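As given, the protein sequences belong to chains U and H, one line each in that order. Going by numbering that gives the first Met the number 0, the first residue of the first sequence is number 0, and it counts up by one from there. Going by numbering that gives the first Met the number 0, the first residue of the second sequence is number 0, and it counts up by one from there. The C-beta atom is built at its ideal place from N, Cα and C for all residues, glycine as well. Note that the structure is predicted; figures quoted are calculated from it, not measured.
Protein chains: 2
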Amino acid sequence: MKAKQDFNQILRTAGLKCTPPRLAVLAFLASGGHYISAQEIHEKLGKKKGLDLVTVYRTLASFEKAGIIKRVDVRKDAIYYEYNEGHHHHIICTKCDKVAEFSNTGDEALIEKALKQVKGFSSISHHSFDLFGLCDTCAKK
Amino acid sequence: MKAKQDFNQILRTAGLKCTPPRLAVLAFLASGGHYISAQEIHEKLGKKKGLDLVTVYRTLASFEKAGIIKRVDVRKDAIYYEYNEGHHHHIICTKCDKVAEFSNTGDEALIEKALKQVKGFSSISHHSFDLFGLCDTCAKK
DNA sequence: AAGTAGTTGCAAACAATTTGCATTTGTATT
DNA sequence: AATACAAATGCAAATTGTTTGCAACTACTT
Numbered sequence: 000m001k002a003k004q005d006f007n008q009i010l011r012t013a014g015l016k017c018t019p020p021r022l023a024v025l026a027f028l029a030s031g032g033h034y035i036s037a038q039e040i041h042e043k044l045g046k047k048k049g050l051d052l053v054t055v056y057r058t059l060a061s062f063e064k065a066g067i068i069k070r071v072d073v074r075k076d077a078i079y080y081e082y083n084e085g086h087h088h089h090i091i092c093t094k095c096d097k098v099a100e101f102s103n104t105g106d107e108a109l110i111e112k113a114l115k116q117v118k119g120f121s122s123i124s125h126h127s128f129d130l131f132g133l134c135d136t137c138a139k140k
Numbered sequence: 000m001k002a003k004q005d006f007n008q009i010l011r012t013a014g015l016k017c018t019p020p021r022l023a024v025l026a027f028l029a030s031g032g033h034y035i036s037a038q039e040i041h042e043k044l045g046k047k048k049g050l051d052l053v054t055v056y057r058t059l060a061s062f063e064k065a066g067i068i069k070r071v072d073v074r075k076d077a078i079y080y081e082y083n084e085g086h087h088h089h090i091i092c093t094k095c096d097k098v099a100e101f102s103n104t105g106d107e108a109l110i111e112k113a114l115k116q117v118k119g120f121s122s123i124s125h126h127s128f129d130l131f132g133l134c135d136t137c138a139k140k
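Here it is in structure tokens:
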């Protein structure tokens, strides 16, 4: 668990003002672990604390631009984000939405390989590598 | 370029009736090359031929279920699809949306590696592996 | 040629996200 | 500590992408 100081620091460094909504959202994202949408954050934080959904949207947008969080390409109807620490990928069950994470796959090597194959691109800022299938539980049915 | 016969065949095989809207959309997708959204298809086909946007949505949904097209996880506000032939991936310019394709990266090996790392999953039906960065033209600016 | 299930178009409903604007609040400055 | 200003918030309303309900229509079977 991180100290309040750290969160203030993160926001300051990103050039964002330290406001209650932002600190709340940031602390939540940092502790949560899994990816989450604006509406879900509002569900969990907003209802009680009077935090507006619109503010959550704007907060997430500014966090993303600052690199504090990153978008996850899940195949859902909404935009999902996750706290940006430790590069990893997902395996997602297409039936029950269960998620497992993995990393250390050597995808950097693949990117090199890809760059050699195409012309017109020479640097990559980020990438997606997510797997979809049935989890063992759903596969049994 | 494919013959009309082929498209009829594809639809028949998928258990879908051969209707003008479907044939039009299918022919367009098969010739287009790049990924595209429902609204864009409607722009290009619907306006002139009186093809309804709703029909495009439904057509794409049925094509996806039949495996004729597949979803592409671009970071856009809409759902994008592409004709499902030849497994490949994308490099997308985050500024001008230019796209290059590549394949043959050996991502199957990565998937194997990933599956060993996680528990609870043992088969993968599809995956995303797309790169984002600036194309050379945009990088110069 | 007729029957039927599947398909289409139109209007309306929905859901996620964005925008406009007046009010409030951090934070730098005095 | 008080002030000033740009930035952030909340509320309402507008947008945008997608889905649903339903009556009319059409491809395909017999």
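Inspect the beta-carbon positions of residue i and residue j and report whether they are closer than 9 angstroms.
i      : j      : result
U/L22  : U/L10  : yes
U/Y80  : U/K69  : yes
U/L52  : H/S122 : no
U/L101 : H/V117 : The sequence shown places Phe at residue 101 of chain U, rather than the Leu named in the question. Yes, Cβ-Cβ distance for U/F101 and H/V117 is below 9 angstroms.
H/G49  : U/D135 : no
U/A77  : U/A138 : no
U/L15  : H/L109 : no
U/L130 : H/I90  : no
U/H142 : H/F128 : For chain U, the structure presents residues 0 to 140; residue 142 of chain U sits outside this window and is missing.
Based on Cα-Cα distance, which residue from the options lies nearest to residue i?
i     : options                         : result
U/A60 : U/D76, U/D135, U/G45 and U/L25  : U/L25
H/H88 : H/G49, H/G32, H/I67 and H/K94   : H/G32
H/D96 : H/A108, H/K75, H/T104 and H/Y82 : H/K75
H/K64 : H/H126, H/T93, H/K47 and H/A13  : H/A13
H/C17 : H/L44, H/T93 and H/F62          : H/F62
H/P19 : H/S30, H/I35, H/L44 and H/E39   : H/L44
U/I67 : U/S127, U/F128, U/K140 and U/Q8 : U/Q8
U/I35 : U/T54, U/K46, U/K47 and U/Y82   : U/Y82
Assuming residue i and residue j are in contact, meaning their beta carbons sit under 8 angstroms apart, how far apart are those beta carbons, in whole angstroms?
i      : j      : result
U/D72  : H/D106 : About 16 angstroms; that fails the 8 angstroms criterion.
H/S30  : U/T93  : The Cβ separation is near 29 angstroms, so there is no contact.
U/T104 : H/K112 : 5 angstroms
Exercise for the section: Entirely within the region 15-84 of chain U and at least 3 residues each: give me those beta strand (DSSP E) ranges in chain order. Expected result: 68-71 and 79-82
Exercise for the section: Note down, in chain order, all residues in the region 112-125 of chain H with a beta-carbon under 7 angstroms from any beta-carbon belonging to chain U. Expected result: K112, A113, Q116, V117, G119, F120, S121, S122, I123, S124 and H125
Exercise for the section: Could you run through the region 67-95 of chain U and flag, in chain order, every residue whose CB is less than 8 angstroms away from some CB of chain H? Expected result: R70, D72, R74, H88, I90, C92 and T93
Handout entry: Under 7 angstroms (Cβ pairs) to chain H, residues found in the region 41-65 of chain U
Key = none
Exercise for the section: Residues of the region 19-40 of chain U with a CB closer than 7 angstroms to any CB of chain H: list them in chain order, please. Expected result: none
Exercise for the section: Could you tell me which uninterrupted alpha helix (DSSP H) segments, each at least 4 residues in length, are contained entirely in the region 96-140 of chain U, listed from first to last along the chain? Expected result: 106-116 and 135-139
Exercise for the section: Scan the region 95-107 of chain U for residues whose Cβ lies nearer than 9 angstroms to a Cβ of chain H and list them as they occur along the chain. Expected result: K97, A99, E100, F101, S102, N103, T104, G105 and D106
Practice task
Scan the region 125-136 of chain H for residues whose Cβ lies nearer than 9 angstroms to a Cβ of chain U and list them as they occur along the chain.
Solution key: H125, H126, S127, F128, D129, L130, F131, G132, L133, C134, D135 and T136
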